[in-house]
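Read the structure below first, then the notes.
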Amino acid sequence: MKKDIVSIITTFYNAEQFIIHTLASVYSQIVDKDKFEIEYVLVDDHSPDNSRKLVEAFMQKHNIKDRWKIVKPEKNLGCGGARRFGIQNATGDYFMFIDADDYYINRDFILRAYNTIVSENADIVEYGVLYNQPNGTQQNNTAPRKFVIQNNKHLSEIALFKDNLIKFNVWSKIYKRWIVESFEYSDERTFEDVMTIPVWVYNANKIVIMPTPEINYRAASNSIIRTDWTKTRLGTIKAIASHFERFKDDYDLLKAMYQRAMIDLENVLSNKSSECEGFVEMSKLNTYMLKYIYPKTWQEKTYNPE
2 MKKDIVSIIT TFYNAEQFII HTLASVYSQI VDKDKFEIEY VLVDDHSPDN SRKLVEAFMQ
62 KHNIKDRWKI VKPEKNLGCG GARRFGIQNA TGDYFMFIDA DDYYINRDFI LRAYNTIVSE
122 NADIVEYGVL YNQPNGTQQN NTAPRKFVIQ NNKHLSEIAL FKDNLIKFNV WSKIYKRWIV
182 ESFEYSDERT FEDVMTIPVW VYNANKIVIM PTPEINYRAA SNSIIRTDWT KTRLGTIKAI
242 ASHFERFKDD YDLLKAMYQR AMIDLENVLS NKSSECEGFV EMSKLNTYML KYIYPKTWQE
302 KTYNPE
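First residue of the sequence shown? That's 2 in this note's numbering, and the numbers climb one at a time after it.
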């Protein structure tokens, strides 16, 4: 009987500080050899540091010859493009992702994820995350209980945009291959998850949300999210706005998406004047979204800085 393949994709660029921990968390995973095997695709996005040497040394040390492979695109693609390249080089029946500075908390995580998505006949299974901030604090973002959303695309999107039961992170889930192939992963360098996950969630017929934290996420202090607050918020709003045309017939969902975008806008503009950085672009995005929600009265609800 043919065994299933679970493809795990990691992209790396300047990841030498943490990548060994990531590799070890994948290498130590327990598998049911009668049912599935792990394929690990590591994408070297032209990393200038010692990340690749560390990966190669780890593979040599553990005599890893099968089902682990390092692939390298012709040029640096950034996170989105590198993940897309990893998908293109993976052969799995199921897909998972993990960043090069994160790790799986439990050694049986992939085994349980595989068993859950198969036994539930789900298209996506979501798991909780432990967020570790640069200041040493930790936040547990995990559903309070198991949830199942089936054949209800509206509820799936509400769970993503409003309820935070489903997260925008690509790496907090296991997917059937057809979901990953149903919409090509965004090749944007930033906010690529927000560009992609809403469509994958919408396409899924059944989503299961599990109440266990499984991924240890490190918030890198030098990431765009930490170093350019305005650009981060503006990028999130742009990514959310990009989905309005797709979901234009679901009024309640559009409102939920708008409210989610406003969280970012308000965090930037709170107690600031209209002269602050990014205001004009945010105002245009605000107008763009309101035209979908209030097609006849949007002009009464907007301010045009021009």
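Where is the CB? At the ideal position from N, CA and C, for every residue including glycine.
Small disclaimer: the values here were computed from a predicted structure and weren't measured.
When the beta-carbon positions are compared, N90 and V126 stay at least 8 Å from each other. According to DSSP, N136 shares a beta bridge with no other residue. In this model, P49 and T12 are separated by some 13 Å (Cα to Cα). Assigned with DSSP and collapsed to three states, E40 falls in strand. Fewer than three Cβ pairs drawn from the region 105–115 and the region 142–155 lie within less than 8 Å of each other, which leaves the two stretches out of contact. The Cβ-Cβ distance between R190 and G93 does not fall below 8 Å.
The beta-carbon separation of Y128 and M211, rounded to 5 Å, stays under the 8 Å limit for a contact. For S8, the enclosing beta strand (DSSP E) starts and ends at D5 to F13. Runs of the beta strand (DSSP E) lying entirely within the region 34–103, each at least 3 residues long, are 37–45, 69–72 and 95–98 in chain order. Y28 sits in a helix when the DSSP states are folded into three classes. Counted as a single uninterrupted DSSP element, the alpha helix (DSSP H) harbouring N287 occupies residues F280 to I294. Taking a contact as a CB-CB distance under 8 Å, the pair V209 and E121 counts as one, their CB atoms being some 5 Å apart.
In chain order, I150, I167, V202, Y203, A205 and I208 place their CB closer than 8 Å to the CB of S157, counting only its own chain and leaving out the 5 sequence neighbours on each side. With the rule of 3 Cβ pairs closer than 8 Å, the region 233–249 counts as touching the region 286–294. Around the beta carbon of K239, 16 or more other beta carbons lie within 10 angstroms, which makes this residue buried.
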